[in-house]
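Accompanying notes for the structure given below.
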Amino acid sequence: MSLYKKRLKLVRGKGVYVWDENGNKYLDAIAGIGVAILGHSNEELAIAINEQMKKLVVAGPMFHHEEKDEALEELSKFLSFEYAYFGNSGTEAVEAALKFARLYTGKKEIIAMTKAFHGRTFGSLSATWKKKYRGGFEPLVPGFKHIPFNNIEVAKEAITKETAAVIVEPIQGEGGINVIDKDYLEKVNKLCKEKDILLIFDEVQTGFGRTGEFFAYQHFGIEPDIMTLAKTLGGGFPIGAMVAKKEVADLMVPGTHASTFGGSPLACASAIAVIKTIKEKKLLEKVRKNGKYLREKLEKLKKKYDFIKRVKGMGLMLAVELEMDGKEFYKKCLEKKLLLNCTHGNVIRIMPALTVKKKEIDEAVEIMDECFSSLI
9 MSLYKKRLKL
19 VRGKGVYVWD
29 ENGNKYLDAI
39 AGIGVAILGH
49 SNEELAIAIN
59 EQMKKLVVAG
69 PMFHHEEKDE
79 ALEELSKFLS
89 FEYAYFGNSG
99 TEAVEAALKF
109 ARLYTGKKEI
119 IAMTKAFHGR
129 TFGSLSATWK
139 KKYRGGFEPL
149 VPGFKHIPFN
159 NIEVAKEAIT
169 KETAAVIVEP
179 IQGEGGINVI
189 DKDYLEKVNK
199 LCKEKDILLI
209 FDEVQTGFGR
219 TGEFFAYQHF
229 GIEPDIMTLA
239 KTLGGGFPIG
249 AMVAKKEVAD
259 LMVPGTHAST
269 FGGSPLACAS
279 AIAVIKTIKE
289 KKLLEKVRKN
299 GKYLREKLEK
309 LKKKYDFIKR
319 VKGMGLMLAV
329 ELEMDGKEFY
339 KKCLEKKLLL
349 NCTHGNVIRI
359 MPALTVKKKE
369 IDEAVEIMDE
379 CFSSLI
């Protein structure tokens, strides 16, 4: 039983490739919406999960365990936040961030961006912009407002004495791979500090090397008060996290917020394996090199086809924005055994595993070229 019409049924994967039930092989250039950053069936991740299964699977929120300690220790090597809450997904991380923001400030208003996507549960959905996701579920949580991305004057006007937090994706993923302007982010950060407003970064898609830095905020030199993490953190295993500065988290006491399965030994083992593999395999350097290589290849396609409006993104979180609807192109790529994602109707997202090789990038771009050519 399923809510969805019959779709491509995948049965196994290895590296950047997946196979369907009929044995057809596909190049996966979207990696489960950026999730499988180590590729499919990654050996280090598989060993870590398998070994943990033999040791301790769950502990519940009442108890601590050494895997959580180690996961926190690994995170602390790249983050200066003093508090972390583990959940199971990005939407849970965002819900926690919103609760923390309201509790800490004593204010209720949350400012989010147009084209933002933060999740589908009621709090995160209220911060999500697109009517497609919100429709039919109103009334949503009150106190949310949306303002245009990269418009500081509107941001100034939107802030009131009741504003608790501003939540931002450094790069909007579902919104179309829109990169925030550094100047805008600096001004928003200054506003937040002046008005005693918390700045929340949603790095559910951008975290853990996707952009060429361990976290996207490191490109901009601005550290938020709260940050949400998920997708990439488990390399395919469900885990999410909200990290916060000590002064923000101090008001939270045991029982204020919790999750039965959040931060389980099994989930933490997967996170540890992901972080260690990124370091040991020097994947940040690989992302920078291959991200530059992929972008150059996509820019060549832009010069070749006048219906390509622009190439955008950072690292291996890239997109091609078209002057036309992208669904037909997406379908043609699927027929040619290339998996991509089309969002907002005309933006083709490309987010392969961080382990992708240049020859695999060549293969993907060659298929894209063929499919673009067939549209002329």
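Residue numbers (the numbering used here): 9 to 384. For every residue, glycine included, the Cβ atom is placed at its ideal position computed from N, Cα and C.
Using DSSP with H/G/I as helix, E/B as strand and the rest coil, what is G68?
Stepping through the sequence shown from its first residue, residue 68 is reached at position 60. Residue state, collapsed to three classes: coil.
Who are the near neighbours of G131 in its chain, counting only those whose CB is closer than 6 angstroms to its CB and skipping five residues on each side?
Indexing the sequence shown from 1 puts residue 131 at position 123. So the list reads E103, L106 and V149, once near-sequence residues are dropped.
Pick helix, strand or coil for N186, following the three-state DSSP scheme.
For this step, residue 186 is matched to residue 178 along the sequence shown. Here N186 sits in strand by DSSP.
Measure the alpha-carbon distance for K203 versus K115 and round it to whole angstroms.
Looking up residue 203 in the sequence shown gives position 195. Looking up residue 115 in the sequence shown gives position 107. Taking the straight line from one Cα to the other gives about 12 angstroms.
Do A252 and I234 have their CB atoms nearer than 8 angstroms?
To locate residue 252, count along the sequence shown from 1; it is residue 244. To locate residue 234, count along the sequence shown from 1; it is residue 226. Yes, they are a contact pair.
Nonlocal neighbours in the same chain, by C-beta distance under 6 angstroms from V295, ignoring five residues either side:
If you number the sequence shown from 1, residue 295 lands on position 287. Cβ neighbours of V295 beyond the five flanking positions: G217, G220, G323, L324 and L362.
Limits of the unbroken beta strand (DSSP E) element including F152:
Along the sequence shown, read from residue 1 onward, the residue named residue 152 stands at position 144. That run of the beta strand (DSSP E) goes F152 to I155.
Counting C-beta neighbours from all protein chains within 10 Å, is the total for N30 16 or more, i.e. buried, or is it exposed?
Taking the first residue of the sequence shown as 1, we reach residue 30 at position 22. With fewer than 16 Cβ atoms within 10 Å of its Cβ, N30 is classed as exposed.
Is I41 near N349, with beta carbons less than 8 angstroms apart?
Locating residue 41 in the sequence shown gives position 33, where the first residue counts as 1. Locating residue 349 in the sequence shown gives position 341, where the first residue counts as 1. Yes; because the gap between Cβ atoms is below 8 angstroms, this pair is in contact.
If we ignore side chains and look at the alpha-carbon of each, how far apart do I175 and F108 end up?
For this step, residue 175 is matched to residue 167 along the sequence shown. For this step, residue 108 is matched to residue 100 along the sequence shown. Computed Cα separation, rounded: 12 angstroms.
So what's K284 in DSSP terms, helix, strand or just coil?
Looking up residue 284 in the sequence shown gives position 276. Correct three-state label for K284: helix.
Unbroken beta strand (DSSP E) run spanning Y301, endpoints
If you number the sequence shown from 1, residue 301 lands on position 293. Y301 -> not in any beta strand (DSSP E); alpha helix (DSSP H) instead, spanning L291 to K312.
Within the same chain, show all residues whose beta-carbon is closer than 7 angstroms to that of L133, passing over the 5 residues directly before and after it, in chain order.
For the purposes of this step, residue 133 is identified with residue 125 of the sequence shown, where counting begins at 1. If we look at L133 and ignore the five residues flanking it on each side, its Cβ neighbours are G127, Y141, R142, F145 and L148.
Between which two residues does the alpha helix (DSSP H) harbouring E343 extend?
Here residue 343 refers to the residue found at position 335 of the sequence shown. K335 to E343 is the span of the alpha helix (DSSP H), which, as asked, contains E343.
Should the region 34-53 be regarded as contacting the region 337-346, the criterion being three or more beta carbon pairs within less than 8 angstroms?
yes
Does L330 pass the burial test, meaning 16 or more other C-beta atoms within 10 Å, or should it be called exposed?
Position 322 of the sequence shown holds residue 330. Under this definition L330 is a buried residue.
Pick out whichever of H227, V162 and F94 has its Cα sitting closest to the Cα of H265.
Counting from 1 along the sequence shown, the entry for residue 265 is found at position 257. Ranking H227, V162 and F94 by Cα distance to H265 puts F94 first.
Can you check whether the CB of L259 is closer than 8 angstroms to the CB of Y91?
Translated into positions along the sequence shown, residue 91 becomes position 83. Translated into positions along the sequence shown, residue 259 becomes position 251. In this structure, L259 does not lie closer than 8 angstroms to Y91 by Cβ.
Roughly how many angstroms separate the alpha carbons of K169 and G151, rounded to a whole number?
Residue numbering aside, residue 169 sits at position 161 when the sequence shown is read from its first letter. Residue numbering aside, residue 151 sits at position 143 when the sequence shown is read from its first letter. Those two C-alpha atoms are separated by around 12 angstroms.
Between G270 and the ligand NAD, is the CB less than 7 angstroms from at least one heavy atom?
Absence of the ligand NAD from the depicted structure is noted, as is the absence of any ligand whatsoever, leaving it without description.
When we look at the beta-carbon of R357 and count the other beta-carbons within 10 Å, is it buried (16 or more) or exposed?
Residue mapping note: residue 357 aligns to position 349 of the sequence shown, counting from 1. Classification of R357: buried, given that the 10 Å Cβ count is 16 or more.
Do P156 and T122 count as a contact pair if the criterion is CB distance below 8 angstroms?
Counting from 1 along the sequence shown, the entry for residue 122 is found at position 114. Counting from 1 along the sequence shown, the entry for residue 156 is found at position 148. For T122 and P156, yes; Cβs fall inside 8 angstroms.
In three-state DSSP terms, what is K230?
Here residue 230 refers to the residue found at position 222 when the sequence shown is read from its first residue. It is Ile, not Lys, that sits at residue 230 in the sequence shown. Correct three-state label for I230: coil.
Within the continuous beta strand (DSSP E) that includes I160, where are the two ends?
Locating residue 160 in the sequence shown gives position 152, counting from the first residue. From DSSP, I160 is part of no beta strand (DSSP E) but of the alpha helix (DSSP H) over I160 to A166.
With contact counted as at least three CB pairs below 8 angstroms, one residue from each stretch, are the region 17-24 and the region 48-59 in contact?
yes
Is the distance from the Cβ of G215 to the Cβ of T351 below 8 angstroms?
Counting from one through the sequence shown, the residue named residue 215 turns up at place 207. Counting from one through the sequence shown, the residue named residue 351 turns up at place 343. Not a contact, by the Cβ cut-off of 8 angstroms.
Residue from E165, F209 and P262 whose Cα sits closest to the Cα of G179:
To locate residue 179, count along the sequence shown from 1; it is residue 171. Sequence check: residue 179 is Ile here, not Gly. Comparing Cα positions, the closest option is F209.
Compute the Euclidean distance between the alpha carbons of V43 and G248, then round it to the nearest angstrom.
As a first step, residue 43 is located in the sequence shown; it is residue number 35 there, counting from the start. As a first step, residue 248 is located in the sequence shown; it is residue number 240 there, counting from the start. Approximately 12 angstroms between the Cα atoms of the pair.
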